[in-house]
Structures are given as structure tokens and as C-alpha cells.
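Structure first, then comments.
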Amino acid sequence: MTPPTTTKATPEAPEVSETPAAAPARPRVRPARASWHAAVTLVVLVGTALLARRHWPVIEAGAARLAGADPGWLLLGATAAASTWACSALAQQGAVTEALPGGRLVAAQFAASAANHVLPAGLGAGAVNVRFLTRCGLSVPRSATALAVKATAGTVARGALIAVLAFAGPGLLRLPRVSPTVVTAALLATSALPLLLLSGPLRRAVRTVSADVRAVHRLPARAAALWGGSLAFPSLHALVVIAVTCSLGLPVPPERVALAYLAASSVAVLLPTPGGIGSLDAALALALTLVGVPGSAAASVVLGYRLLTVWLPLVPGLVVLGLLVRRKAL
Numbered sequence: 003m004t005p006p007t008t009t010k011a012t013p014e015a016p017e018v019s020e021t022p023a024a025a026p027a028r029p030r031v032r033p034a035r036a037s038w039h040a041a042v043t044l045v046v047l048v049g050t051a052l053l054a055r056r057h058w059p060v061i062e063a064g065a066a067r068l069a070g071a072d073p074g075w076l077l078l079g080a081t082a083a084a085s086t087w088a089c090s091a092l093a094q095q096g097a098v099t100e101a102l103p104g105g106r107l108v109a110a111q112f113a114a115s116a117a118n119h120v121l122p123a124g125l126g127a128g129a130v131n132v133r134f135l136t137r138c139g140l141s142v143p144r145s146a147t148a149l150a151v152k153a154t155a156g157t158v159a160r161g162a163l164i165a166v167l168a169f170a171g172p173g174l175l176r177l178p179r180v181s182p183t184v185v186t187a188a189l190l191a192t193s194a195l196p197l198l199l200l201s202g203p204l205r206r207a208v209r210t211v212s213a214d215v216r217a218v219h220r221l222p223a224r225a226a227a228l229w230g231g232s233l234a235f236p237s238l239h240a241l242v243v244i245a246v247t248c249s250l251g252l253p254v255p256p257e258r259v260a261l262a263y264l265a266a267s268s269v270a271v272l273l274p275t276p277g278g279i280g281s282l283d284a285a286l287a288l289a290l291t292l293v294g295v296p297g298s299a300a301a302s303v304v305l306g307y308r309l310l311t312v313w314l315p316l317v318p319g320l321v322v323l324g325l326l327v328r329r330k331a332l
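Here my numbering is used: the first residue of the sequence shown is 3, the next is one more, and so on.
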């Protein structure tokens, strides 16, 4: 009778010990995740509040200068600015082969645009998008690669738009004279770029991005979304600048304004400021003066563009960011 008794007692012991060990494990993980989400939200809110306080004179001056602008043109600019988030979501969907939830994807792009004005060089938008893609089931390396595919398509699309405008209207953008030394240095830097791409880490990164690009282009719908969104995004931003210019009654051809914005935004990417604030402002004001906009009017156009694309959507974008974090979509 003793062997059956010991056989029954042996499986019962682990059952009793497993139940209390598994119970306290769950409550320990949830507070850690909740505190992490709260910390991220707090950092974004504090950073945005400090940024808005620092640039409050710019906001106030821009609102005063645009008080007499045509509201119809400003409404068109605001509509174009709001449409850029849908185009960004379309391009992000086109950068991956997996289907992403459409509503949350657009909300994530809206939130990313707000976070992008806190950290430099697009780090805020990149962090939001990587977090969103990982929540959708993609690994961190694949999420980073998807952002690289989207950024590459955006760069190519912006360059194509500049080339089309420059070819359609020669002399639209009067570039300042550049010394031969600067031209030589630029050519040397361009020729050295392939050598840098041959290095180990960069070569692997380029190979990974190329593989994902090929995978996306095997699906016509994904390729159309990637290039359609990448072309529409800078075009709509250029439309915002055109609308602000027209609202102020400036007699400048729209194609000149569009080319000025595309050139200025391409240069501003090289300067890692939060959301391009400062770098894009200076580059856009200079480009607008080069196409014939007076200096004071160019400053008003830049302020109006910033009001429609940065300051007005900032608080709603933060609200959406907080909701996404609260619902653990990020």
C-alpha cells in the first residue's frame, strides 16, 4: 500500500507549489509597463510644453501678421496639412508587406508628427513609428527597415519633384553663386559615398533595405501605396506654402513657391533640429526671397506655414499620442 501512496503524493506537491509561484508574477509586470508608458508620455508632454513656451513669441507674431489673410486660402492650407498624415500612413503601409490597421496607422502618423517636434532629426517620429510597428507584430529590425524604406522613397520622390519643376520651368529658382572650391568639395563627397556604402555595417543595412524594397514591389498595391504616399506628402506641404502665399496676396507663381519649398526642405533635412524648426524656417525664407518674395512677406509665409503644420495640430497630436499610449497601441 505504501508505493501507491507515495506515487499520488509526488504529483500533488508540484501542483501546490506552481499555483502560488505563478500568481505573484503577473502583477509585477503590469506596473512596470504602466510606469514606462507614463514616463514616455510625461517626457513628450514636458518637452512639447518647453518648446511651445520657447517659441511663443513666434506663434503670437505669426497670428498677428496673418490676421488679415484670406481665410479661404488658409482653410485650403489647413486641409492640405491635415491630408499629409493620411499620405504618410499610406507610404508607411506601402513600406511593409503585412497589412496594418488603417485607423490606428493614421492616428500614429498624427501622433508622430507631434513627437517629431520634440526630438531632433525625426527621432520622435521614428520612435513612435517603430513602437507602432512592433505593436503590430513586426520585429524591431524589420520596423527600422520599414522606416528606412519609407525615408528612401520619400527622398527619391522629393528629388523627382524638384527635377520635374526645374525641367518644366528653367530658371524658376535663382541659386546663389557658389565658388568652385565648394563645388569641388561636393563632388568629392559624392564620389566618396559609394566607398562608405562598401563598409560592413552600411553594406548590410543597404542590403536589408534593398531586400525589403524588392519584397514590397512584388505586390503592386504596396508599391503604389509607397510611391503614391511619398509623392503626395511633399506635394501637399508645398500646397500649404502656396496657400499661405496666396492668402497674403503675394504675386508669385505657384510653381516657384513649390520649388522653393522642396529645395528648402531638402536642405533642412541635413540640419538635425526638432521638426526642422529653425533650419527649415531659415532655408524656406531664403528660398522664397530667391524666387521673388520680399523679405518681410517671406517671414510671414514661413510663420503661416508653421502655424498650419506645427502649432495648431500640436495639442491634438499630443492628445492622440496619449490615447495611443494609454490603449497600448504604442
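A virtual CB, placed ideally from N, CA and C, is assigned to each residue, including glycine. Here the structure is a predicted model, which is why all the values come from computation and not from measurement.
Please work out which residues of its chain come closer than 6 Å, Cβ to Cβ, to residue i, disregarding the five sequence neighbours upstream and downstream, and give them in chain order.
i: residue 114; result: 127, 130 and 131
i: residue 248; result: 75
i: residue 233; result: 159
i: residue 23; result: Note that residue 23 has pLDDT 43, beneath the 50 cutoff, so the model's placement of it is unreliable and the number below is only indicative. Closer than 6 Å at Cβ, skipping near neighbours: no residue.
i: residue 112; result: 87, 319 and 322
Counting along the chain, where does the alpha helix (DSSP H) carrying residue i start and finish?
i: residue 89; result: 73-96
i: residue 256; result: 256-270
i: residue 136; result: 125-137
i: residue 296; result: It is not in any alpha helix (DSSP H) - residue 296 carries neither H nor E in the DSSP assignment.
i: residue 105; result: 104-117
i: residue 160; result: 142-170
i: residue 316; result: 314-328
Whose C-beta lies closer than 7 Å to the C-beta of residue i among residues of the same chain, with five residues either side of it excluded?
i: residue 389; result: Outside the shown range of the chain (3 to 332) lies residue 389, about which nothing can therefore be said.
i: residue 95; result: 102, 107 and 227
i: residue 250; result: 71, 299, 302 and 303
i: residue 285; result: 266, 269 and 270
i: residue 157; result: none
i: residue 210; result: 147
i: residue 149; result: 128, 131 and 132
i: residue 86; result: 235, 238 and 239
i: residue 73; result: none
Pull up the distance between the alpha-carbon of residue i and that of residue j, whole angstroms please.
i: residue 266; j: residue 98; result: 29 Å
i: residue 163; j: residue 309; result: 25 Å
i: residue 318; j: residue 239; result: 19 Å
i: residue 241; j: residue 252; result: 15 Å
i: residue 324; j: residue 133; result: 14 Å
i: residue 236; j: residue 229; result: 12 Å
i: residue 221; j: residue 327; result: 32 Å
i: residue 77; j: residue 71; result: 11 Å
i: residue 81; j: residue 147; result: 31 Å
i: residue 283; j: residue 307; result: 9 Å
i: residue 255; j: residue 165; result: 17 Å
i: residue 322; j: residue 144; result: 25 Å
i: residue 313; j: residue 244; result: 18 Å
i: residue 398; j: residue 260; result: With the chain represented from 3 up to 332, any question about residue 398 goes unanswered, as that position is not in the structure.
i: residue 104; j: residue 297; result: 42 Å
i: residue 315; j: residue 116; result: 8 Å
i: residue 119; j: residue 167; result: 29 Å
i: residue 331; j: residue 169; result: 44 Å
i: residue 215; j: residue 110; result: 22 Å
i: residue 263; j: residue 281; result: 13 Å
i: residue 59; j: residue 257; result: 31 Å
i: residue 218; j: residue 225; result: 6 Å
i: residue 31; j: residue 151; result: Its pLDDT being 39, under 50, residue 31 is placed unreliably by the model, and the measurement read from it follows with that caveat. Each residue's alpha carbon lies about 34 Å from the other.
i: residue 161; j: residue 69; result: 35 Å
i: residue 311; j: residue 55; result: 17 Å
i: residue 329; j: residue 272; result: 35 Å
i: residue 125; j: residue 223; result: 28 Å
i: residue 155; j: residue 213; result: 14 Å
i: residue 79; j: residue 287; result: 18 Å
Check whether chain C comes within 9 Å of residue i, counting only Cβ atoms and requiring the distance to be less than that.
i: residue 220; result: Checking the listed chains, one finds no chain C in this structure; it contains a single protein chain.
Identify, in the order they occur along the chain, each residue of the same chain with its Cβ nearer than 8 Å to the Cβ of residue i, setting aside the five sequence neighbours on each side.
i: residue 136; result: 142 and 145
i: residue 100; result: 138, 139 and 140
request  = Entirely within the stretch 220-246 and at least 4 residues each: give me those alpha helix (DSSP H) ranges in chain order.
outcome  = DSSP runs (the alpha helix (DSSP H)) wholly in the stretch 220-246: none.
message = Does the contact criterion of 3 or more C-beta pairs under 8 Å hold for the stretch 81-92 versus the stretch 287-298?
response = Per the Cβ contact rule, the stretch 81-92 is not in contact with the stretch 287-298 (fewer than 3 Cβ pairs under 8 Å).
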